[in-house]
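Q: Counting with my numbering, you get residues 29 to 354 for the letters of the sequence shown. Quick reminder that beta carbons are idealized off the backbone N, C-alpha and C, glycines included.
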Amino acid sequence: MQPTKIHDVVANEFGRVNEYIVSQLKSDIPLIEQIGYYIISNGGKRLRPLMVLLAAKASLHLDDNKLDKAIKMATIIEFIHTSTLLHDDVVDESDMRRGKKTANEEWGNAPSVLVGDFLYTRAFQLMVSIQSMECMAILAETTNIIAEGEVQQLINCGDPDTTEENYLKVIQYKTAKLFEGAALCGAVIAEANDDIKTALKNYGMYVGTAFQLIDDVMDYTSTAEEMGKSVGDDLAEGKPTLPLIYTMQHGTPNAVSRVRHAIETGGLEQLDTIIRDVQECGAIEYTEQCAQEQADLAIAALAPLGDSEYKEALINLAHASVKRRN
29 MQPTKIHDVV
39 ANEFGRVNEY
49 IVSQLKSDIP
59 LIEQIGYYII
69 SNGGKRLRPL
79 MVLLAAKASL
89 HLDDNKLDKA
99 IKMATIIEFI
109 HTSTLLHDDV
119 VDESDMRRGK
129 KTANEEWGNA
139 PSVLVGDFLY
149 TRAFQLMVSI
159 QSMECMAILA
169 ETTNIIAEGE
179 VQQLINCGDP
189 DTTEENYLKV
199 IQYKTAKLFE
209 GAALCGAVIA
219 EANDDIKTAL
229 KNYGMYVGTA
239 FQLIDDVMDY
249 TSTAEEMGKS
259 VGDDLAEGKP
269 TLPLIYTMQH
279 GTPNAVSRVR
289 HAIETGGLEQ
299 LDTIIRDVQE
309 CGAIEYTEQC
319 AQEQADLAIA
329 ALAPLGDSEY
339 KEALINLAHA
349 SVKRRN
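1. Helix, strand or coil: which one does DSSP assign to Lys128?
2. Beta-carbon within less than 7 Å of Glu192's beta-carbon, same chain only, minus the 5 sequence neighbours each way: which residues are those?
3. With DSSP as the reference, label Ile57 as helix, strand or coil.
4. Which of the three DSSP states, helix, strand or coil, is assigned to Gln277?
5. Just verifying my parser: in three-state terms, what is the DSSP assignment at Arg150?
6. With Val198 as the anchor, note down where its alpha helix (DSSP H) starts and where it stops.
7. Report buried or exposed for Ala220, applying the criterion of at least 16 other Cβ atoms within 10 angstroms of its Cβ.
8. Does His278 pass the burial test, meaning 16 or more other C-beta atoms within 10 Å, or should it be called exposed?
9. Within the segment 170-255, note down every full alpha helix (DSSP H) run reaching 4 residues or more, in order along the chain.
10. Threshold first: 4 residues or longer. Then list the alpha helix (DSSP H) segments lying entirely within the segment 254-330, N to C.
11. Which residues mark the beginning and the end of the alpha helix (DSSP H) in which Gln97 is found?
12. Verify whether the separation of the beta carbon atoms of Tyr338 and Lys73 is less than 7 Å.
13. Please say whether Lys33 and Asn70 have beta carbons closer to each other than 7 Å?
14. Helix, strand or coil for Ser349, going by three-state DSSP, please let me know.
15. Quick one: is Met386 buried, meaning 16 or more other Cβ sit within 10 Å of its Cβ, or exposed?
16. I'd like the list of long-range same chain contacts for Phe42, defined as Cβ closer than 6 Å, with 5 residues on each side in sequence excluded.
17. Just the Cα atoms here: how many angstroms apart are Gln159 and Tyr231?
18. What residues in its chain sit with their C-beta under 6 Å from that of Gly177, if we drop five residues either side in the sequence?
19. With H, G and I counted as helix, E and B as strand and the rest as coil, what does DSSP make of Leu142?
20. Tell me the rounded alpha-carbon separation between Leu132 and Ile68.
21. Please work out which residues of its chain come closer than 6 Å, Cβ to Cβ, to Leu299, disregarding the five sequence neighbours upstream and downstream, and give them in chain order.
22. Closest to Asp305 by CA distance: which of Glu321, Asp189, Val287 is it?
23. Just tell me which of Lys229, Arg126, Glu321 has its CA closest to the CA of Val80.
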């Protein structure tokens, strides 16, 4: 990605978000601060809070009071996202994220889950302070749907018969929904009209879907250093992602057998061979094409917005979501 160029148009506001994030990690319990600072400062592009800022600014009706609320909303979105990462790493038994040990690997499962709960509840405290029932309704629905997506993904693990439709529903729930909520809340805080709200809501869903599709591609095309996690993590967890689903539909009989067995058992014994199977049958190109289609839909969704450097940044963000390799 090219995060610097995309961030440039809201550099001052983004700096304020980072400062506010740190201020809201404070707690009388030292372990909460310790783990909170560790996970929050552990890299990441903060695309979701960036989307709040860009959506709010692109709505072209942002005064100082609304901007203060946008800073808070960006922090809320980052806290919700971080809490889901803490919980996901425990569920997935992950030991590395963004090139560093996960919090559960460093401190154990129980502290990670509980600090995730702290961040989640702190997000709702901040939501109340914004005093927007519309934003609260959006994020109440968003967080509930994210939880449903996580449970459905857990159900899908180990099931090689998961359909492409079911897979897409899962990633729209567990990943894209928060992008959607971020963009929509940015528009709500800016008091944009309904057409702009709908445009940004759709934009967020499309970009989030493209982002996750490429994330799933990288499990079979990138190194651990590039991804910041172990190669084959999805396969080890028995997750039937789109590259694997496509391989089972279009691969050789031996490839189909290998992939089905790996999903059912969560085994990495044939990882190198399966990576070659995925790459040789066209699964990577197909998944990348699906991601590009989502990015194109995201850009088209922005049509109702007036031209501005913020709209241009949103367009660039959609392009970058399918070009990234980390």
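A: Put simply:
1. If DSSP states are grouped into helix, strand and coil, Lys128 belongs with the strands.
2. By the criterion of a C-beta distance shorter than 7 Å, Glu192 is surrounded in its chain by Leu270, Ile273, once the five residues flanking it on both sides are discounted.
3. Per DSSP, reduced to three states, the secondary structure at Ile57 is coil, with no helix or strand assignment.
4. Helix, per DSSP.
5. Correct three-state label for Arg150: helix.
6. Taken as a continuous stretch (DSSP letters only), the alpha helix (DSSP H) holding Val198 covers 192-199.
7. Buried, because 16 or more other Cβ atoms sit within 10 Å of the Cβ of Ala220.
8. Within 10 angstroms of the beta-carbon of His278 lie fewer than 16 other beta-carbons, which makes it exposed.
9. Counting only unbroken stretches of 4 or more residues, the alpha helix (DSSP H) elements lying wholly within the segment 170-255 are 192-199, 205-217, 222-246, 252-255, in sequence order.
10. Qualifying alpha helix (DSSP H) stretches, in chain order: 261-264, 270-278, 281-293, 299-308, 311-329.
11. One detail in the question is off: residue 97 reads as Lys in this sequence, not Gln. Looking at the DSSP string, the run of the alpha helix (DSSP H) that includes Lys97 is 92-120.
12. Lys73 is positioned such that its CB atom lies no closer than 7 Å to that of Tyr338.
13. The Cβ atoms of Asn70 and Lys33 do not sit closer than 7 Å to each other.
14. Reduced to three states, the DSSP call for Ser349 is helix.
15. The requested residue 386 does not occur in the structure, where the chain is confined to residues 29 to 354.
16. Here the set comprises His35.
17. Using only the alpha carbons, I get a separation of about 25 Å.
18. Cβ neighbours of Gly177 beyond the five flanking positions: Val198, Tyr201, Lys202.
19. Correct three-state label for Leu142: helix.
20. It is Asn, not Leu, that sits at residue 132 in the sequence shown. Those two C-alpha atoms are separated by around 14 Å.
21. Answer for Leu299: Gly260, listed in chain order.
22. When only C-alpha atoms are compared, the closest one is Val287.
23. Measuring from the Cα of Val80, the nearest candidate turns out to be Lys229.
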